[in-house]
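In the UniProt record's numbering, the protein residues as written are 1 to 199.
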């Protein structure tokens, strides 16, 4: 007589079933906290970019110097509005600063709702446009500042920074501030792209 073995299928214990949900919730919470950290860092970087962009526009817009020797008919003066490139720089950096201020609410939404990918894509696109404008203005102004410092003997353009030292110091500082703003934009774009990839 053959003995028959009986296999009984045991259902999964309730303790095992309950143990999976907290693990999944914990991993989801960790991802949310990670994304919220990225969003907070994005907000702080935007505040820093606003400061540097406004500083660049303000310093360039107030760059003006008159030489101490002048006559009744002639006065030697250097001002940013004498050079169209510097005028473009002031306008462009003002636009960049204005955009950064308008982008703050989107950055706040990303902090409040870290899982929402909606605000990220417009920020990524507009940050790239703003970076392009910022870089164009900064590079054009840097070329003029280089000529002001060194001149160009081939075209008989004289270096003016020996005479207009204060003016050259201000415009050089404005260009450096614009380049810092451009570097911050690069970080912002990388953060937005990374956050979108995580979604």
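Note that beta-carbon positions come from the ideal geometry of N, C-alpha and C, so glycine has one too. As the structure is a computational prediction, the values presented were derived from the model and not from experiment.
DSSP places residue 119 in no alpha helix (DSSP H); its state is neither H nor E. DSSP, read as helix, strand or coil, puts residue 139 in helix.
One alpha carbon belongs to residue 90, the other to residue 194, and they sit about 32 Å apart.
For residue 109, the closest C-alpha among the options 157, 175, 59 and 120 is that of 120. Bounds of any alpha helix (DSSP H) do not take in residue 160, whose DSSP letter is neither H nor E. For the set 102, 111, 65 and 57, the Cα lying nearest the Cα of residue 92 is the one of 57. Pairwise C-beta distances place the segment 169-176 out of contact with the segment 33-50, as fewer than three of them are shorter than 8 Å. Leaving aside the five residues that flank residue 122 on each side, the residues in its chain whose CB is nearer than 8 Å to its CB run, in chain order, 106. Between the segment 174-189 and the segment 128-145 there are three or more inter-stretch CB-CB distances shorter than 8 Å, so the stretches are counted as touching. With distances taken between CA atoms, residue 129 lies nearest to 185 out of 83, 102 and 185. Beta-bridge analysis with DSSP links residue 64 to 79. Residue environment: residue 152 is assigned as exposed (fewer than 16 neighbouring CB atoms within 10 Å of its CB, all protein chains considered). Around the beta carbon of residue 38, a 10 Å sphere encloses 16 or more other beta carbons of the protein chains shown; the residue is thus reported as buried.
Non-local C-beta neighbours of residue 166 in its own chain, meaning closer than 6 Å and more than five positions away in sequence, comprise 65, ordered along the chain.
Residue environment for residue 50: buried (at least 16 other C-beta atoms within 10 angstroms of its C-beta).
For residue 131 against residue 189, the beta-carbon gap comes to about 7 Å, under 8 Å, which counts as contact. Per DSSP, residue 153 is not a residue of any alpha helix (DSSP H), being assigned neither H nor E.
Taking a C-beta distance under 9 Å as the contact criterion, residue 63 and residue 88 do not qualify as a contact pair.
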